[in-house]
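Engineer:
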Amino acid sequence: MELNFTGTDLCAINGTRSAPEAHYELVVVGAGPSGVAAAIDAAKAGTKVLLVDENPVSGALMGNDVPLYFGGRMTAATQNSERMLEAIFMSMPELETAMEAGVELLLGTTAWGVYRNGPGVASLPEQVVGLADNERSWLVGFDHITLATGARDLSFAFPGWNQPGVMGAAALQMLLTRYDAFAGRRILILGSHDLAIETALLAHSRGVEVAGLVEVRGEPQASPALQAKLAETDIALHRGTAITSAKGGIDGVESAMLSNGEEVVCDTICVAIGLVPSIELVDAMHSGRMLDPNRGGYIPAGEATVSAVGDCAGLAATGFDHIAYRMEWMQALTANSTDDTIICQCEEVTRADLIGVQPPNYLARPAPMCARSLETLLQDGPANPDQIKRLTRAGMGVCQGRRCRDQVAMLLALEAGKPFGTIPLATHRAPVRPLPMKIMADWNEPEAMSAAWDVWFGIPTQWVPVEDIGTQYEGEHRQMLYTGMYE
Amino acid sequence: MSGSDVVIVGGGVTGLSAGWWLARSGVKVTVLDKFIVGWEASGRNGGGASHYQSPLFDEEQRLWPQMDELLGYPTEHQKERIIIAMTERQWEQYRFVAERHHRLGHPVEVLDVKQVQEAVPLAGDNCFGGVHYKFGGHANPQRSVQAYAWALQDLGGKIVQHSPVTGFETAGGKVTAVKTATTTYGCDAVVVAAGPQIPQLMAQLGIDVPLAPARAEMIITEPAPMMPIGGVDGHKLYGRQTMRGNLAYGGGPHEWIDVDATGPKARPSTPLMRNLASRLAELLPKAAHLNIIRSWAGVIENSPDGRPIIDRLTSPDNVVVASMSGVGFGLSPASGHAIRDLVIDGACSFANIDMLKLSRFDNLESDWRQKRGWMPIP
């Protein structure tokens, strides 16, 4: 069959993409103190600025621990988006200042991806950030993007952590300070570094009963000033001990068992061992990152058109090795729990199945499969979390690995006997927040894309049944399926 | 040639299947991969296994239902497909293809809107109808590539990862060794199944293999309620419901690119996700509220006619080159068998694959990529 080539492949992406709806000189993602300050500074200098923040996120997303580890301890107030929006303005008077300075502000607006041309892609009309609210998604072009996405909770698995009432310190702080929507009454805090004691003092000051702090190391880890403040309260500090399990009932956590044998009655266990800089967007756009144990983990390396401010650029460096501290917790929690402890809540992957690189329970495990493990996989090469998540499904769920990504890397490091920094970071992929199909959808697709959309490459000879080649059916096939292509 | 060494360049699904087939015949096999097995297109595709256009079709259909048992590891293979038409034009096209299947003896059934809704609980009344293929199916690409790799190892084959091939040694009209940066692997025969890197590797042997790489994208949702048949697509999308329930779909425009000798520098996805999302929301409206949780891209090499190249060369005469031209995953049980036959017997035992010979491009014009518009965007 003769094809008439025109030098143009209609089915290629070239020139068919939707254009961004707007263009800003600066887009700031995250309206916390650092993001707002960056936006105000730029606006005062005459820059056209868009400031977006995903909060308030929907109650459904909060239930999936997005963006923070809320652990199901929100009150019904979080279902009322107008009240939540009001609460944000009340708690952040700087937002008014920003708007007065000329910053365009969009709350309840998620930045789900940043895209620019580079290796492997040259088809974007300009660099864009993908945005979405609760009705639609759209693209915005920018000259410079400042990420002020903060830090997220680092979660840890122990028996019973997969029930309501186990939550993160950043989530607890947000519920207490911004939304006044914390549903717990009596909390036990894991950790004793600055984050843990700050959280304990905040909760105490808001009238939440703090049942104690649990510290795996022999001594409290916080700064002397914070330790002194803690000493002014009657909050107990359990040293040299770890949590072994959370007991609970229909409403979630009822008590925590400690490795020293104590049982602490509480309705909430707040994991305050550490925060992780929120680098999802940076990583998903293939911008550089580096590991800095003193600043909470992987942080953006920074580049000319992408900057990071606030906690997402790295936690304040105080000389504390966050990675060593986390690893010590992970070791203790592993030593004090059985291998059937769930590591990935979304996909219900146990530690045994993670370390055994076993498939999910809906698949058969014949003898050869059972004989495989991380140990046999390591004979082929270094541990790679992306390979292990494909096999075990750990990190493949609706929370997008927010709850288990870091834990999986730590467990692989421990099991492989390698430093944490040698285990690659499991990739972040857009959308960096779960987004419903109907909201993500481009309902105004350019005609050039619609007209030439093919299921595969639009090569007229590719799918002709072998029996039809050289018969009349070959021409019919092409006429029916590839009209207008290559002619 | 039992007992001799075959080195396979490329641990994608085609190379791994070929290695597994050779190991089953008692051949000592070493598979060299630049990174981790199945890391490129083999592990990130739509998982379809219904390639009626191929001379390997019958063998593909014969083997897939047995693969879990033959390999000893789960592939998540599931039978049958339903293709749903969302426009009048698609309805016309899909019925045309159904008619061809009927004539070729492939069992198909045309479904009206009501029958589509009965067979596909996530479909709506917004479709024109569908075609039920009572053949074909789909499997999990990631799990299947690892299954081939492990099965090959269980038969004594070796897999060497993180080892890009840098060149060959030749003597007496044969390749005698394959080289990586650190090691030279002596061999009696070589299979070059390195996807987009094939042209650069084969150029070292003085062989011109016309292949053009391109990037394509997919999306996946959170799990949906399980449908009785997971192999549902149409609306010019390809994809499937996984056994976990996630909806994984791709289709639409591709981007022509160039790759380095050691592979693509990156595999970025783009806002094309939004166009995939709108089509999938139309195809399966009762799933339109579900969250998209990931997107990704892969790099695929394409031959000038879009058909595979599976050929044992005449000089050097111990080299088999194998590119599936962007449609390799589903055909892998059969392509591996064919490659095994070419390596050991010099001819495919179960199908006439002469149409897949490299020599069909002997008179190809040198500007074939430009003529087709298959050039990277400058």
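If you read the protein sequences in the order shown, they are chains A and B.
Just so we're aligned, residue 1 is where the first sequence starts under full-length UniProt numbering, counting upward by one.
Just so we're aligned, residue 1 is where the second sequence starts under full-length UniProt numbering, counting upward by one.
From the three backbone atoms N, C-alpha and C, an ideal C-beta is built for every residue, glycine too.
Using a C-beta cutoff of 8 Å, does Ser295 (chain B) count as contacting chain A?
Structural biologist: Closer than 8 Å to some Cβ of chain A, the Cβ of Ser295 (chain B) qualifies, so yes.
Engineer: For the segment 4 to 14 of chain B against the segment 359 to 369 of chain A, do three or more pairs of beta-carbon atoms, one drawn from each stretch, fall closer than 8 Å, so that the two count as touching?
Structural biologist: Output reads no: the segment 359 to 369 of chain A does not touch the segment 4 to 14 of chain B.
Engineer: Tell me where the beta strand (DSSP E) around Tyr298 (chain A) begins and ends.
Structural biologist: Note, Tyr298 (chain A): beta strand (DSSP E), 297 to 300.
Engineer: Does the Cβ-Cβ distance between Thr244 (chain A) and Leu226 (chain A) come in under 8 Å?
Structural biologist: No, they are not a contact pair.
Engineer: Check the Cβ of Met451 (chain A) against every Cβ in chain B and list those closer than 8 Å, keeping chain order.
Structural biologist: Per the sequence shown, the amino acid found at residue 451 (chain A) is Ala instead of Met. None at all; the shortest Cβ gap to chain B is about 11 Å.
Engineer: Grab the span of the alpha helix (DSSP H) containing Lys371 (chain B) for me, first residue to last.
Structural biologist: Here the alpha helix (DSSP H) through Lys371 (chain B) covers 368 to 372.
Engineer: What three-state label does DSSP hand Gly195 (chain B) in the structure shown?
Structural biologist: In this structure, Gly195 (chain B) counts as helix in the three-state DSSP scheme.
Engineer: Which residues bound the alpha helix (DSSP H) around Asn302 (chain B)?
Structural biologist: That residue, Asn302 (chain B), is in no alpha helix (DSSP H); its beta strand (DSSP E) goes 291 to 302.
Engineer: Strictly below 7 Å CB to CB, what residues from chain A border Lys371 (chain B)?
Structural biologist: Those within 7 Å of Lys371 (chain B) in chain A are Phe5, Gly7.
Engineer: With distance defined between alpha-carbon atoms, name the residue in A:Gly395, A:Val129, A:Ser192, A:Tyr115 nearest to Ala272 (chain A).
Structural biologist: The option with the nearest alpha carbon to Ala272 (chain A) is A:Ser192.
Engineer: Within the same chain, show all residues whose beta-carbon is closer than 8 Å to that of Met202 (chain B), passing over the 5 residues directly before and after it, in chain order.
Structural biologist: Answer for Met202 (chain B): Val192, Asp208, Val209, Val321, listed in chain order.
Engineer: Identify whether Val103 (chain A) lies in helix, strand or coil by the three-state DSSP scheme.
Structural biologist: Of the three classes helix, strand and coil, the one that applies to Val103 (chain A) here is coil, per DSSP.
Engineer: Would you report the Cα separation of residue 381 (chain B) and Ala181 (chain A), rounded to the nearest angstrom?
Structural biologist: Residue 381 (chain B) lies beyond the range of chain B shown here (1 to 378); nothing can be said about it.
Engineer: Do you know how far the Cα of Asn275 (chain B) is from the Cα of Asn444 (chain A)?
Structural biologist: Going by the C-alpha atoms only, they are around 9 Å apart.
Engineer: By the criterion of Cβ-Cβ separation under 8 Å, what are the contact partners of Arg100 (chain B) in chain A?
Structural biologist: Result: Pro465, Asp468, Tyr473, His477.
Engineer: Measuring alpha carbon to alpha carbon, tell me which of A:Arg372, A:Arg351, A:Arg186, A:Ser58 ends up nearest Ala335 (chain A).
Structural biologist: Here the closest residue by C-alpha is A:Arg351.
Engineer: I need the DSSP call for Ala285 (chain A), collapsed to helix, strand or coil.
Structural biologist: For the sequence presented, residue 285 (chain A) should be read as Met rather than Ala. Correct three-state label for Met285 (chain A): coil.
Engineer: Please tell me whether Ala19 (chain A) has its Cβ less than 8 Å away from any Cβ of chain B.
Structural biologist: Not closer than 8 Å to any Cβ of chain B, the Cβ of Ala19 (chain A) fails to qualify, so no.
Engineer: What is the rounded straight-line gap between the Cα of Leu105 (chain A) and the Cα of Ile279 (chain A)?
Structural biologist: Cα to Cα, the separation comes out at about 22 Å.
Engineer: Could you tell me which chain E residues have their CB closer than 8 Å to the CB of Asn302 (chain B), listed as they occur along the chain?
Structural biologist: No chain E is present in this structure, whose protein chains are A and B.
Engineer: For Gly32 (chain A), does the count of other Cβ atoms within 10 angstroms reach 16, so buried, or fall short, so exposed?
Structural biologist: Result: buried.
Engineer: Hey, quick one: how far does the beta strand (DSSP E) through Met257 (chain A) stretch, first residue to last?
Structural biologist: Looking at the DSSP string, the run of the beta strand (DSSP E) that includes Met257 (chain A) is 252 to 258.
Engineer: If we define contact as Cβ-Cβ less than 8 Å, is Ile36 (chain B) a contact residue for chain A?
Structural biologist: Yes, its Cβ sits closer than 8 Å to a Cβ of chain A.
Engineer: Check whether chain B comes within 8 Å of Arg390 (chain A), counting only Cβ atoms and requiring the distance to be less than that.
Structural biologist: By this cut-off, Arg390 (chain A) is an interface position.
Engineer: For Met480 (chain A), which residues in chain B fall below 9 Å Cβ to Cβ?
Structural biologist: What Met480 (chain A) touches in chain B: Glu92, Gln93, Phe96, Val97.
Engineer: With a threshold of 8 Å between beta-carbons, can Val398 (chain A) be considered close to chain B, or not?
Structural biologist: At least one chain B Cβ lies under 8 Å of Val398 (chain A).
Engineer: Determine, using beta carbons only, whether Gly3 (chain B) comes closer than 8 Å to chain A.
Structural biologist: Legend: pLDDT at Gly3 (chain B) = 40, less than 50; position of this residue unreliable, no value from coordinates given.
Engineer: Within its chain, find whatever has a CB closer than 7 Å to the CB of Met1 (chain B); leave out the 5 residues flanking it on each side and keep chain order.
Structural biologist: For Met1 (chain B), the predicted model reports a pLDDT of 36, less than 50, meaning its position is unreliable and no value from the coordinates is stated.
Engineer: Going by other Cβ atoms of all chains shown within 10 Å of its Cβ, with 16 needed for buried, is Asp58 (chain B) buried or exposed?
Structural biologist: Answer is exposed; the Cβ neighbour count stays below 16.
Engineer: Taking only beta-carbon atoms, is His138 (chain B) less than 8 Å away from chain A?
Structural biologist: Not an interface residue.
Engineer: Use the C-beta contact count for Ala277 (chain B): other C-beta atoms within 10 angstroms, 16 or more gives buried, fewer gives exposed.
Structural biologist: Buried, by the Cβ-count rule.
Engineer: Can you list the beta strand (DSSP E) stretches of 3 or more residues lying completely in the segment 101 to 176 of chain B, in chain order?
Structural biologist: DSSP runs (the beta strand (DSSP E)) wholly in the segment 101 to 176 of chain B: 108 to 111, 129 to 138, 158 to 160, 165 to 171.
Engineer: Pick from B:Leu211, B:Glu222, B:Ser144: whose alpha carbon is nearest that of Leu435 (chain A)?
Structural biologist: Minimum Cα distance to Leu435 (chain A) is reached at B:Glu222.
Engineer: Give a yes or no on whether the C-beta atoms belonging to Val6 (chain B) and Lys158 (chain B) are separated by under 8 Å.
Structural biologist: No, the Cβ-Cβ distance between Val6 (chain B) and Lys158 (chain B) is not below 8 Å.
Engineer: Among A:Thr341, A:Arg429, A:Gly207, which residue has its Cα nearest to the Cα of Pro159 (chain A)?
Structural biologist: When only C-alpha atoms are compared, the closest one is A:Thr341.
Engineer: Could you list which residues in chain A have their beta carbon closer than 7 Å to that of His162 (chain B), in chain order?
Structural biologist: Within 7 Å Cβ-Cβ: Gly381.
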